[in-house]
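Since the structure comes first, as structure tokens, the remarks are kept for the end.
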Amino acid sequence: MFINSNRRLTRRVFLNLVCLALLAVSAPAALADELAVWNFNDSNLSVDRGSGTLVSNINVVNLLFAAGTTNNARLGDAAGQSLSLQGGTGTANNGRHITFNVGTLGFSNIVVSFATQGTSTGFNSNQFQYSLDGVTFVNFGTPYTPASTFGSVPLVFSLASITGLNDNANAAFRILFNGATSATGTNRIDNFVVEGTAAATNIPEPTTAILLLSGLSSLYGLRKRRRAAK
Ligand SMILES: [Ca+2]
Numbered sequence: 001m002f003i004n005s006n007r008r009l010t011r012r013v014f015l016n017l018v019c020l021a022l023l024a025v026s027a028p029a030a031l032a033d034e035l036a037v038w039n040f041n042d043s044n045l046s047v048d049r050g051s052g053t054l055v056s057n058i059n060v061v062n063l064l065f066a067a068g069t070t071n072n073a074r075l076g077d078a079a080g081q082s083l084s085l086q087g088g089t090g091t092a093n094n095g096r097h098i099t100f101n102v103g104t105l106g107f108s109n110i111v112v113s114f115a116t117q118g119t120s121t122g123f124n125s126n127q128f129q130y131s132l133d134g135v136t137f138v139n140f141g142t143p144y145t146p147a148s149t150f151g152s153v154p155l156v157f158s159l160a161s162i163t164g165l166n167d168n169a170n171a172a173f174r175i176l177f178n179g180a181t182s183a184t185g186t187n188r189i190d191n192f193v194v195e196g197t198a199a200a201t202n203i204p205e206p207t208t209a210i211l212l213l214s215g216l217s218s219l220y221g222l223r224k225r226r227r228a229a230k
């Protein structure tokens, strides 16, 4: 009689521990994460970490690479190179853009930041834009004029209020350039970062849950074997 009630108690304690374990591993988590980073240190338009594409309609001959900065650099990235964009012959590149296609599936509170500098005859009225479908772009904030040096503070566009950008495979971000007054006037862009908050989840992480359950089962089994040996 005493043994049976003791076993029932052990079983109940075990089940309670299982419930606690599942609760512990399924607690909602909110983690800031980088979705895509371009540091331009390899002097090309390919994304350097994360995933995304960078496209531009600026004349290819005016799309260059020049000394970069550690302003807004992530994970210890070196200054290396930066993207350097010229006004072009007849300032043909006024009104043209660079566009970053970065899907945000599983993320919200999207923030875009980058370092920039410009020469006195480079683009001096640049508009940041976002797109929910990768086709139609919407102005965000007012046009900005790059400082003459990269400095230490990046431009930051916090898009948390644009909920359509959350969890969106077609999200895109654009800088529309204007105001260049010479062919060789430039803007440099470096350490372009798209980041967000990982969606909260209540789904237990399978590996963690299995490990915990496996450990608890072993303890329960050991206790049963010890009792049987008595
Ligand atoms: Ca760089």
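So the sequence shown is numbered by my numbering: it starts at 1 and just counts up by one.
Cβ atoms here follow ideal geometry from the backbone N, Cα and C, with glycine treated the same way.
Residue i in three-state terms, based on DSSP
{"i": "G90", "result": "helix"}
{"i": "N109", "result": "strand"}
{"i": "V102", "result": "coil"}
{"i": "N62", "result": "helix"}
{"i": "V193", "result": "strand"}
{"i": "Q127", "result": "strand"}
{"i": "N187", "result": "strand"}
{"i": "S82", "result": "strand"}
{"i": "V238", "result": "Residue numbering for the chain in the displayed model covers 1 to 230; residue 238 lies beyond these limits and cannot be assessed."}
{"i": "A67", "result": "strand"}
{"i": "G118", "result": "strand"}
{"i": "S198", "result": "With the sequence shown as reference, residue 198 is identified as Ala, and Ser is not the correct amino acid for it. Strand at A198."}
{"i": "E205", "result": "Bear in mind that a pLDDT of 49 at E205, under 50, signals an unreliable position, so the number given afterwards is only what the model happens to contain. Three-state result, E205: coil."}
Span of the beta strand (DSSP E), counted from its first residue to its last, around residue i
{"i": "T163", "result": "Unbroken run through T163: none, as it is neither H nor E."}
{"i": "I175", "result": "172 to 176"}
{"i": "D33", "result": "32 to 38"}
{"i": "V138", "result": "137 to 139"}
{"i": "L75", "result": "Premise fails: L75 is in no beta strand (DSSP E) and is neither H nor E."}
{"i": "V47", "result": "Run containing V47: none; DSSP gives neither H nor E here."}
{"i": "T53", "result": "53 to 56"}
Assigned exposure category for residue i - 16 Cβ within 10 Å defines buried
{"i": "N139", "result": "exposed"}
{"i": "A172", "result": "buried"}
{"i": "T91", "result": "buried"}
{"i": "S51", "result": "exposed"}
{"i": "S56", "result": "buried"}
{"i": "N44", "result": "exposed"}
{"i": "V193", "result": "buried"}
{"i": "T186", "result": "buried"}
{"i": "S158", "result": "exposed"}
{"i": "I58", "result": "buried"}
Inter-residue spacing [alpha-carbon to alpha-carbon] between residue i and residue j
{"i": "V25", "j": "E195", "result": "Low per-residue confidence applies at V25: pLDDT is 44, beneath 50, and the placement is therefore not dependable, though the value from the model is reported in the following sentence. The straight-line gap from Cα to Cα measures roughly 25 Å."}
{"i": "N111", "j": "T184", "result": "Correcting the residue type first, residue 111 is Val in the shown sequence and not Asn. Distance between the alpha carbons of V111 and T184: 31 Å."}
{"i": "N94", "j": "T181", "result": "9 Å"}
{"i": "D190", "j": "S46", "result": "13 Å"}
{"i": "R74", "j": "S82", "result": "14 Å"}
{"i": "Q127", "j": "T142", "result": "7 Å"}
{"i": "S125", "j": "A147", "result": "11 Å"}
{"i": "N41", "j": "L105", "result": "27 Å"}
{"i": "N62", "j": "I98", "result": "12 Å"}
{"i": "S84", "j": "V37", "result": "17 Å"}
{"i": "V102", "j": "T119", "result": "29 Å"}
{"i": "L64", "j": "R49", "result": "21 Å"}
{"i": "D77", "j": "A66", "result": "16 Å"}
{"i": "T53", "j": "A199", "result": "23 Å"}
{"i": "V135", "j": "A160", "result": "20 Å"}
{"i": "N170", "j": "A32", "result": "20 Å"}
Check whether the region 144 to 152 and the region 111 to 120 are in contact - that is, three or more C-beta pairs closer than 8 Å. yes
Does the contact criterion of 3 or more C-beta pairs under 8 Å hold for the region 161 to 177 versus the region 63 to 71? no
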